[in-house]
Amino acid sequence: MKFDILIAGVGGQGVVLASRLLATAAIDAGYHVATAETIGMAQREGSVTSHVRIGDEVCGSLIPAGNADLIIGLEPAEAARNIHFLKKDGSIVVNEHAVIPSASANNAEYIPEQVIEFLKKNCQETINVDFTQLAKEAGTYRAANVAMLAAAAGADLLPFNPDELWSVLEKMVPEKYRELNRKAFDMSLEKVACIKDPEQQEQVQVMDI
Amino acid sequence: MTAKRILMGNEAIAFGAMKAGLQVASGYPGTPSTEVMETIASHASKYGIYAEWATNEKVALETAVGAAYSGANTLVTMKQVGLNVASDPLMSLSYIGVKGSLVILVSDDPGPHSSQTEQDTRAFGHFSNIPVLDPSTPQEAYDMAKLAFKLSHEMEIPVILRTTTRVSHGCADVVTEDIEQAGRDIEGYVKEPRWTIFPKLTAQRHPWLEDLQIRISDRFSDLFSENTFNSISKGNSKIGIASSGVSSLYTNEATNKQSGTFSHFKLATVHPFPEKAALEFLNDITDLIVIEELDPYLEEQFLQLIGRYHLDVNVYGKKNGHFPVSGEYDVDVVIEGVNSSLQAMNAEIPLLTHSTPVVARENIPALPVRPPTFCAGCMHRTVFYAFKKAAAKLKKENGKGTVFSGDIGCYTLGNAQPLNMVDTCLCMGAGISMAAGLSHTQQYQDGNYAKQVAFIGDSTFFHSGIAAMISAVYNNADITLAVLDNRTTAMTGHQPHPGIGLTAMGNPTKAIDIAEVLRSCGVDLVETIEADDLGECIETAKMAIEYEGPSAVVFKGKCVGITKATGQYVIDEEKCTGCNFCVSQLGCPAIFSMSSGVPQIQDNCTGCSLCAQVCPSDAITLREVLQ
Ligand code: SF4
Ligand code: SF4
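Chains A and B are the protein sequences, given in the same order.
Residues in the first sequence are numbered from 11 upward in steps of one, following the numbering used here.
Residues in the second sequence are numbered from -18 upward in steps of one, following the numbering used here.
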């Protein structure tokens, strides 16, 4: 067994925490794990990535190009920036919410929708949701990372299920934020269930009425 | 009892050291080494260990040496450039040796991700005749930390445990053992002439030191049969691969599909080079591929050995261009290098293959770049902007320019656009000394420059700013120092320092007042102000620059990394004239400009109010006060 996950985002979005959560879940599930995280200078609003490698064998923590089974992009451009790591039949879970760099970086205009289109064109299994908005509805935009992990587990894109993931979160998230994260977690699970199974989506809508 | 848990390499080292009976630890924070001391400090009381942040690496090493002379098990931690600072005691120490044990944890940073250099600490081992261990995984880091203490105790010499970013900052499952309370029963300092270095003693000790190299080299050769971190595996061709550190793992993965082909010499006890084991390995091969990050250390060792014994083995590595001489390695780099070597030797072996990504890197469309910059609401942005404005005013008034010398810390990011306020940056503390040097040049004396301004952070001031300032004052340098005092060591993850009044172990201590230190260094004009009122900061900066003679301003503020946001600002669409001043002047990552219309403020605004202070139309206002 070998399962490689690349998490990409912007400094401050919680990439490192997300990778710790996945790594802990992997150990609890009985696998070896190796992660490579960006810490230090690059964290100050720069692009950050974390490589999480789960498997039976001990190996280096950097995922070779074309090897990732899953990319979790906390930000659209950061997902796209790392797409060369994705393998042919890999999947992407991407946050539609863009973090626009300060204009001082001299960038051409950044159109997040175009980036999402690019991802979808190149990866059939792309789940895109505004997880930041979803997390805001749950109580804080900071929980977007947790919502995205829930989405990946809920969509069966991780080597462990949502319950296993939540039991790790429960241990690692400080008590005062636990309820809020549980809410974001559940809302996200519901959301991907709808995306995966449009029939259920209709049911939900029917129930809404 | 053993337990398996997820640990960062640095945490694994801390646990290994504590398992080995660590008693005294000292260090200076530096990415990627910092978490070793942080982990020890947080467990210190529990296990009866003493742990501290020293003011710099030289002090840290000397502190550990003192404790080791008394027979204690000691550890000192730093990053690779920190070892340069500690190299003075280090070079003498190898002659004298230690009692107890002394392990020097040094983290290298190939890439480099967060450092001024890509220097290779293995070279320091070679230079100073100190053994170097080079683990490839967090588990090995744990095991080798224990080995390092054992070796140091037995051989009476310090041992360098050298890691690289991917080991220090990678997390993995690590099997650890229960830790006992560190015993306090050390022999204590015993007066002996051997602890006082003198030319005569040095001359006596040098042969011992050289002889020790041979003994340790033999010992390391023996380690190939005893454990897993040094290993030799035999392949079915005459091609061998030698590797060390994390490159060993890349090698395994790169050659995975043809693992039976190559013989592999995996080395974790890199210095002194285990010649006997290496010679044995060379017996069966005709071609050797050497895979290692940074310096061609192993390659040179092998070349020497092959030359010395007239062996018929070709070597492929950095020196003949098959592998990159700089930058970080990964599996893809290793595949390229091995293939290039195989081609050069005309081997009848299929080349290694890369995996095919869905999109090749070259085919990714242009994306917005995100150069690192100050956090939204960082006090440094206000101070740099204030100096920029003050200097512009002065230039207008008297036509003189100003040179800004930066330093190492978050505030190095003052170089980012649009602030662009770091004209020089070399190493810790150099901002002050370089400003002093600039002030003694003819060009400055001729009146072309208003003043040399140096920026330094609070922790860096204690690290190497004080001596530089004393020298500047003593030598009549006409400089202005801006101390960016955000009450923490921010870049490495918020460690306390002598200005804070807290020790690494969380005990209250005397806080050293930076302004008082500056006054006693002989700086006549020393001001302390809060860095939240831009107008006041500009005035103070201008006054300090205009002052004749050395002057200093301590700007006090808080790092937003450890404080809560105080509110969120919002741009009033009605009042905004679209001048884009807030965007073009400050570079706050919370503000972005739309191609049309009013700039927007994002969630990460912390409410520092700087943008509101520069907006000429009063269009930026506080939206809500967060509890
Ligand atoms: S971490 Fe603190 S000091 Fe560093 S850029 Fe952010 S706010 Fe400024
Ligand atoms: S108040 Fe303005 S300058 Fe300060 S953090 Fe918010 S957007 Fe940035």
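Don't be surprised by glycine CBs; every beta carbon is placed ideally from N, CA and C.
Nothing here was measured: the structure is a model prediction, and the numbers come from that model.
Within the same chain, and ignoring the five residues on either side of TYR28(B) in sequence, the residues whose Cβ sits closer than 7 Å to its Cβ are MET(-1), ILE160, GLN162, ALA163.
The beta-carbon of ALA87(A) is placed less than 8 Å from the nearest beta-carbon of chain B.
For GLU33(B), the pairing in a beta bridge is given by DSSP as SER7(B). Using a CB distance cut-off of 8 Å, ALA153(B) counts as an interface residue toward chain A. Between the beta-carbon of VAL434(B) and that of THR461(B) there is about 5 Å, and that keeps the pair under the 8 Å contact cut.
For CYS152(B), the uninterrupted beta strand (DSSP E) run begins and ends at 151 to 158, by DSSP. Put simply, of GLU137(B), HIS94(B), ALA373(B), ILE85(B) the residue whose alpha carbon is nearest the alpha carbon of SER7(B) is ILE85(B).
Secondary structure note for ARG63(A): it is in no alpha helix (DSSP H), and the uninterrupted beta strand (DSSP E) holding it is 57 to 65. Of all residues in the region 117 to 129 of chain B, only SER117, THR118, PRO119, GLN120 come within less than 9 Å of chain A when Cβ atoms are compared, listed by chain position. Comparing C-alpha distances from LEU260(B) to each of ALA249(B), TYR297(B), ILE213(B) shows the shortest one belongs to ILE213(B).
Proximity to VAL62(A) across ALA78(A), LEU144(A), GLY40(A), THR45(A) peaks at THR45(A), based on C-alpha coordinates. Contact annotation: the region 550 to 562 of chain B does not touch the region 508 to 527 of chain B, with fewer than three C-beta pairs closer than 8 Å.
In terms of beta-carbon proximity, CYS133(A) lines the interface with chain B, with at least one pair separated by less than 8 Å. Restricting attention to ALA235(B), PRO531(B), GLU99(B), ASN110(B), the CA atom closest to the CA of ILE413(B) is found in PRO531(B). When distances are taken from the beta-carbon of ARG54(A) to the heavy atoms of ligand 1, the shortest one is below 7 Å. Residue pairing for ASP14(A): DSSP places it in a beta bridge opposite ARG63(A). Within 9 Å of the CB of ALA(-16)(B), no CB atom of chain A is found; the nearest one sits about 11 Å away. Ranked by Cα distance from GLU55(A), the first of SER29(A), GLY22(A), GLY100(A), ASP99(A) is GLY22(A). Distance from the CA of VAL294(B) to the CA of ALA235(B), rounded to the nearest whole angstrom, comes to 23 Å. Assignment of beta-bridge partners to HIS252(B) by DSSP yields VAL113(B). Checking the 7 Å criterion, the Cβ of ALA357(B) is within range of a heavy atom belonging to ligand 2. If you compare the alpha carbons of GLY241(B), ASN208(B), TYR231(B), PHE205(B) with that of GLY221(B), the shortest gap goes to GLY241(B). Scanning the region 323 to 394 of chain B for uninterrupted beta strand (DSSP E) segments of 3 residues or longer gives 382 to 386, listed from N- to C-terminal end.
Look at the region 351 to 372 of chain B: the residues with a C-beta under 7 Å from a C-beta of chain A are ARG351, PRO352, PRO353, THR354, PHE355, CYS356. The region 270 to 285 of chain B makes contact with the region 309 to 320 of chain B: 3 or more CB pairs, one atom from each, lie closer than 8 Å. Residue-level contact by beta carbon fails for HIS444(B) and chain A, as no gap is shorter than 8 Å. The residue among LYS201(A), TYR151(A), ASP38(A), LEU168(A) with its C-alpha nearest the C-alpha of ASN191(A) is TYR151(A). Sequence-ordered contacts of the region 327 to 340 of chain B with chain A read HIS335, SER336, THR337, PRO338, VAL339, VAL340 [C-beta pairs closer than 7 Å].
The beta carbon of ARG500(B) sits closer than 8 Å to those of VAL507, all from its chain and outside the five residues before and after it, given in chain order. The beta carbon of GLY395(B) is closer than 7 Å to those of HIS361, PHE365, GLY387, MET402, VAL403, PHE436 in its chain, skipping five residues each way along the sequence.
Taking each of GLU200(A), VAL202(A), PHE170(A) in turn and checking the Cα distance to ASP38(A), the smallest one comes out for PHE170(A). Within 7 Å of the C-beta of CYS391(B) there is at least one heavy atom belonging to ligand 1. DSSP places LEU(-12)(B) in no alpha helix (DSSP H) but in the uninterrupted beta strand (DSSP E) bounded by -17 to -11. Distances from the CB of ALA471(B) to the heavy atoms of ligand 1 include at least one below 7 Å.
In the DSSP assignment, ARG54(A) falls outside any alpha helix (DSSP H) and carries neither an H nor an E. Between the alpha carbons of GLY169(B) and SER51(B) lies a gap of roughly 4 Å.
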